[in-house]
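Asks: In our numbering, the protein residues as written are 1387 to 1651.
The C-beta atom is built at its ideal place from N, Cα and C for all residues, glycine as well.
All values derive from a computational prediction rather than experimental measurement.
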Ligand code: HPA
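#1: Using alpha carbons as the reference points, say which of 1493, 1600 and 1586 lies closest to residue 1611.
#2: Any idea if residue 1473 is buried or exposed, counting beta-carbon neighbours within 10 angstroms, 16 or more meaning buried?
#3: Buried or exposed: which applies to residue 1571, given that a residue is buried once 16 or more other Cβ atoms fall within 10 Å of its Cβ?
#4: In chain order, what residues of the same chain lie with their CB nearer than 6 angstroms to the CB of residue 1398, ignoring the 5 residues before and after it?
#5: Counting only beta-carbon separations shorter than 8 angstroms, does residue 1431 have a partner in chain B?
#6: Determine the DSSP secondary structure at residue 1440, reduced to helix, strand or coil.
#7: How would you call residue 1650, buried or exposed, if buried means at least 16 neighbouring beta carbons within 10 angstroms?
#8: In three-state terms, what does DSSP make of residue 1625?
#9: Below 8 angstroms on the Cβ atoms is my guess for residue 1543 versus residue 1608; work out the distance and round it to an integer in Å.
#10: Which word fits residue 1582, buried or exposed, when buried means at least 16 other C-beta atoms lie within 10 angstroms of its C-beta?
#11: From this set, 1592, 1560, 1557 and 1549, which residue's C-alpha is nearest residue 1355's C-alpha?
#12: Mark residue 1535 as exposed unless 16 or more other C-beta atoms lie within 10 angstroms of its C-beta, in which case mark it buried.
#13: Out of curiosity, what's the CA-to-CA distance linking residue 1513 and residue 1392?
#14: Just list the beta strand (DSSP E) runs in the segment 1471–1527, keeping only unbroken ones of 3 residues or longer that don't cross its boundaries, in chain order.
#15: Contact check, residue 1500 vs residue 1458 under 8 angstroms by CB: the rounded distance?
#16: Roughly how far, in whole angstroms, is the beta-carbon of residue 1433 from the beta-carbon of residue 1403, given that I think they are within contact range, below 8 angstroms?
#17: Would you call the segment 1408–1416 and the segment 1495–1509 in contact, with 3 or more CB pairs under 8 angstroms?
#18: Got a sec: does ligand 1 put a non-hydrogen atom nearer than 7 angstroms to the Cβ of residue 1589?
#19: Within its chain, find whatever has a CB closer than 6 angstroms to the CB of residue 1481; leave out the 5 residues flanking it on each side and keep chain order.
#20: Can you give the Cα-Cα distance for residue 1546 and residue 1552, rounded to whole angstroms?
#21: Taking only three categories from DSSP, how would you classify residue 1402?
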């Protein structure tokens, strides 16, 4: 009998509990490009394991590198951090993309923090700055859900959690994140289209994970690091190495901010 994705996540969560000795997590974070060093600031690192050790995560043979899962304690809270994620453009389907989030919720996390690198469409954003995600536009034309699962996405990026983030950083801008399938960057015409549709940020991740988290009943906080100005806009630079370098340069400051926010969630 084929196992449902939810059953696979429940199995992975059981294995995770066994490996880490943590009964239930309070909060989970997915660290996107440029955000991984922030995990060091979240608390004291406990067990760390290759995600491919757990049921349902991609094997390195297929993926090259499928990421690491770190168990962190901060006072009386247990935090789960995914260092690296699976993208839709890797071609393993939507279940592979959201398996980490489903596993985290099955392991008890009822808050999921999704971070990513994004191109800035809103010209108010400076390269290197963090932006809270207020809503998304899913341009992948895919859903991690199947069947009659009519999930309400009205409050996908939870307003209360965003308010907490703004208590920490009152000037933190908010924006709408558009997810494209990738792995190619957008054309200038696509960026103009996205701007006309109301997008402030563009990237290739996050939205499917946010949908899966909502379906599983968790609250979501989303944050982008603007690593470049989107294609065709003044100052645009889509060199992948530059995107990564911006992430490295900003890692400490955005990491500190994220840690301060997470401490209050
Ligand atoms: N477009 C899509 N994804 C991205 C970008 C971009 O400009 N920058 C970082 N991730």
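Replies: Considering the structure as presented:
#1: Closest by C-alpha distance to residue 1611, out of 1493, 1600 and 1586, is 1586.
#2: That one is buried.
#3: Per the 10 Å Cβ criterion, buried.
#4: Correct list, in chain order: 1440, 1441, 1442 and 1489.
#5: Here chain B cannot be found, since the structure has a single protein chain.
#6: Three-state result, residue 1440: coil.
#7: Burial call: exposed.
#8: Reduced to three states, the DSSP call for residue 1625 is coil.
#9: In this structure, residue 1543 and residue 1608 form a Cβ contact; the two beta carbons are roughly 5 angstroms apart against a cut-off of 8 angstroms.
#10: Result: exposed.
#11: Summary: the structure shown does not reach residue 1355, with the chain confined to residues 1387 through 1651, and so no result is reported for it.
#12: Counting of Cβ neighbours within 10 angstroms places residue 1535 among the exposed residues, the total staying below 16.
#13: Near 38 angstroms, if we compare the C-alpha coordinates of residue 1392 and residue 1513.
#14: Counting whole runs of 3 or more residues, the segment 1471–1527 contains the beta strand (DSSP E) stretches 1497–1506 and 1516–1524.
#15: Actually they are not in contact, since the Cβ atoms of residue 1500 and residue 1458 sit about 17 angstroms apart, beyond 8 angstroms.
#16: Distance from residue 1433 to residue 1403 at the Cβ level is roughly 11 angstroms; contact not present, criterion being Cβ atoms closer than 8 angstroms.
#17: Yes, the segment 1408–1416 touches the segment 1495–1509.
#18: For ligand 1, at least one heavy atom lies less than 7 angstroms from the Cβ of residue 1589.
#19: Closer than 6 angstroms at the Cβ level, and outside the excluded window around residue 1481, lie 1391.
#20: When rounded, the distance between both Cα atoms is 10 angstroms.
#21: Of the three classes helix, strand and coil, the one that applies to residue 1402 here is helix, per DSSP.
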